[in-house]
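*Asks:* After the structure tokens below, expect a handful of questions from me.
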Amino acid sequence: MVNIVLVSHSPKLVEGLEELLKQVVGQVSIVTAGGDEDGSIGTHFDKIQAAVEEAASGDDGALVFYDLGSAKMNAEMAIEVAESESVRLVSYPIVEGSYLAAVESSIGNSLDDILASLEKEFG
Amino acid sequence: MLIGVEETIQWLKNYNDKLSEQKDYLSQLDRAIGDGDHGINMARGFQQVADSLDDDFDDVSTVLKKTATTVMSKVGGASGPLYGTAFLKMSMACKGKEVDAGVFAEMVEAALGGIKQRGKSEEGEKTMVDVWSPVLDMLREGEFDAERLKKTAEDAMQNTEDMTATKGRASYFKERSQGNLDPGAVSSYYLFAELADVIGKGA
Ligand SMILES: Nc1ncnc2c1ncn2[C@@H]1O[C@H](COP(=O)(O)OP(=O)(O)OP(=O)(O)O)[C@@H](O)[C@H]1O
Ligand SMILES: [Mg+2]
Numbered sequence: 001m002v003n004i005v006l007v008s009h010s011p012k013l014v015e016g017l018e019e020l021l022k023q024v025v026g027q028v029s030i031v032t033a034g035g036d037e038d039g040s041i042g043t044h045f046d047k048i049q050a051a052v053e054e055a056a057s058g059d060d061g062a063l064v065f066y067d068l069g070s071a072k073m074n075a076e077m078a079i080e081v082a083e084s085e086s087v088r089l090v091s092y093p094i095v096e097g098s099y100l101a102a103v104e105s106s107i108g109n110s111l112d113d114i115l116a117s118l119e120k121e122f123g
Numbered sequence: 001m002l003i004g005v006e007e008t009i010q011w012l013k014n015y016n017d018k019l020s021e022q023k024d025y026l027s028q029l030d031r032a033i034g035d036g037d038h039g040i041n042m043a044r045g046f047q048q049v050a051d052s053l054d055d056d057f058d059d060v061s062t063v064l065k066k067t068a069t070t071v072m073s074k075v076g077g078a079s080g081p082l083y084g085t086a087f088l089k090m091s092m093a094c095k096g097k098e099v100d101a102g103v104f105a106e107m108v109e110a111a112l113g114g115i116k117q118r119g120k121s122e123e124g125e126k127t128m129v130d131v132w133s134p135v136l137d138m139l140r141e142g143e144f145d146a147e148r149l150k151k152t153a154e155d156a157m158q159n160t161e162d163m164t165a166t167k168g169r170a171s172y173f174k175e176r177s178q179g180n181l182d183p184g185a186v187s188s189y190y191l192f193a194e195l196a197d198v199i200g201k202g203a
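Residue numbers (full-length UniProt numbering), protein chains in the order written: chain A, 1 to 123; chain B, 1 to 203.
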């Protein structure tokens, strides 16, 4: 199954979103990186990198969703560092996008299939 | 030679002092058109940088590399990756070299390229790019002049006041971002001003 990474400035935002996704797709691995080093609002490279590395260790690849600004910049950098072809950053709405991805992942769709669906829906 | 290991360390330590002194001012600038964390981010990260520079270093490149990794993981926000990339590129550009005026210009060129690539930004978007870019133009003219470096960076910082932000958090304010200095441009001005002071004193 394709893993999903959620990157946000707010720890609560990704916790809530994880909960929302888990309710329908319990078996899909969802990794979150929310907030600053100390859990306040912000982004933190080490945290995001750890999440990306964890998700990248799966066999079927991972999709990384982000909320805004530096979350994107940090996620891009973490993906470069991870040097994995199968981890992709996706610039689609984090809630609807990750929901669609989680559902498709749970029914066994591949990374490329999910990317195509995301593009079709939100592109 | 323009700067050696000692001057580089002095420069970064002075920069840390400046940031901790101006922390509230930088955050206040960021509050006007962003989320108000720029001063806190920078002061926190560069305190760690200053603390990491008491070791022995072989050359300027190693000092800058160490700085880059600390900045990337300790500053946070957008300025962490942006300044982290800038220091990393500077470190790579002076690897195995003595830093004279020519090499320093190459370092700033590499850093500016890195910032633009990381931020997908260009000149005129009311970001730190608007300080680094005029500084590079000035450095390319040859002869190193500490006073001119400082003045160029200061004027460039001032020029961000009238610009409209199209990158970063400030871009959400559109025209309302006018009339405020860009916080990242101000912290970049401090960086070059502190360098000018270290070199100007003939260290
Ligand atoms: N895309 C970008 N390109 C170049 N510089 C940028 C970009 N985005 C932000 N900056 C610079 O970074 C400064 C803001 O840094 P700061 O540490 O406050 O990050 P931030 O905007 O709070 O990040 P976040 O996206 O987490 O809100 C701006 O003043 C600007 O100079
Ligand atoms: Mg900010």
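Using N, Cα and C, we set each Cβ at its ideal position, and we do this for glycine too.
Determine, using beta-carbon pairs with one atom in the region 159-171 of chain B and one in the region 123-142 of chain B, whether at least three such pairs fall under 8 angstroms.
*Replies:* Taking 8 angstroms as the limit for Cβ pairs, the verdict is that the region 123-142 of chain B does touch the region 159-171 of chain B.
*Asks:* In chain order, what residues of the region 121-154 of chain B put their CB closer than 8 angstroms to some CB of chain A?
*Replies:* Answer in chain order: no residues at all.
*Asks:* Taking only runs that begin and end inside the region 40-101 of chain A, name each unbroken alpha helix (DSSP H) of 4 or more residues, in chain order.
*Replies:* Qualifying alpha helix (DSSP H) stretches, in chain order: 45-56 and 70-82.
*Asks:* When you measure from the CB of R44 of chain B to every non-hydrogen atom of ligand 2, does any distance come out below 7 angstroms?
*Replies:* Not under cutoff, so the answer is no.
*Asks:* Under the rule that 16 or more other beta-carbon atoms within 10 Å means buried, what is F122 of chain A, buried or exposed?
*Replies:* By the neighbour-count rule (16 or more Cβ atoms within 10 Å), F122 of chain A is not buried but exposed.
*Asks:* Return yes when the C-beta of D36 of chain A is under 7 angstroms from any heavy atom of ligand 4, and no when it is not.
*Replies:* As presented, the structure is devoid of ligand 4, carrying ligand 1 and ligand 2 as its sole ligands.
*Asks:* Using 7 angstroms as the cut-off, classify the Cβ of S121 of chain B as near or not near the heavy atoms of ligand 1, replying yes or no.
*Replies:* Yes, since a heavy atom of ligand 1 falls inside the 7 angstroms radius drawn around the Cβ of S121 of chain B.
*Asks:* Since G69 of chain A meets chain B, which of its residues come closer than 7 angstroms, beta carbon to beta carbon?
*Replies:* Chain B residues near G69 of chain A: A78, G168 and R169.
*Asks:* I need the residues with a C-beta less than 6 angstroms from some heavy atom of ligand 2; please give them in chain order.
*Replies:* Selection output, chain order preserved: B:D30, B:G34, B:D35, B:D37, B:H38, B:G77 and B:R169.
*Asks:* Is the distance from the Cβ of C94 of chain B to the Cβ of S52 of chain B below 8 angstroms?
*Replies:* Taking 8 angstroms as the Cβ cut-off, C94 of chain B and S52 of chain B do not qualify as a contacting pair.
*Asks:* For the beta strand (DSSP E) that A33 of chain A lies in, which residues bound it at each end?
*Replies:* Start and end: I30 to G34.
*Asks:* Where DSSP assigns a beta bridge to I3 of chain B, which residues make up the other side?
*Replies:* Looking at the DSSP assignment, I3 of chain B forms a beta bridge with B:V99.
*Asks:* For I4 of chain A and P93 of chain A, what's the separation of their Cα atoms in angstroms?
*Replies:* So the alpha carbons of these two residues sit roughly 14 angstroms apart.
*Asks:* From I79 of chain A to L89 of chain A, what does the alpha carbon distance come to, in whole angstroms?
*Replies:* Each residue's alpha carbon lies about 8 angstroms from the other.
*Asks:* Which term fits R176 of chain B, buried or exposed, when burial requires 16 or more other beta carbons within 10 angstroms of its beta carbon?
*Replies:* The residue is exposed, with fewer than 16 neighbouring Cβ atoms inside 10 Å.
*Asks:* When you compare only the Cα positions, how much space is there between D17 of chain B and T32 of chain A?
*Replies:* Whole-angstrom Cα-Cα distance: 35 angstroms.
*Asks:* By Cβ distance, which residues of its chain are closer than 6 angstroms to T69 of chain B, with the 5 residues on each side in sequence left out?
*Replies:* Excluding positions up to five away in sequence, the list is empty.
*Asks:* Examine ligand 1 and report whether any of its heavy atoms sits within less than 7 angstroms of the Cβ of L12 of chain B.
*Replies:* Answer for L12 of chain B: no, Cβ out of range of ligand 1.
*Asks:* Between A:S98, A:A55 and A:L63, which lies nearest to D112 of chain A when the distance is taken from Cα to Cα?
*Replies:* Measuring from the Cα of D112 of chain A, the nearest candidate turns out to be A:L63.
*Asks:* Mind reading off the beta-carbon distance from N180 of chain B to L26 of chain B? Whole number of angstroms is fine, and I expect it under 8 angstroms.
*Replies:* That pair is no contact at about 12 angstroms.
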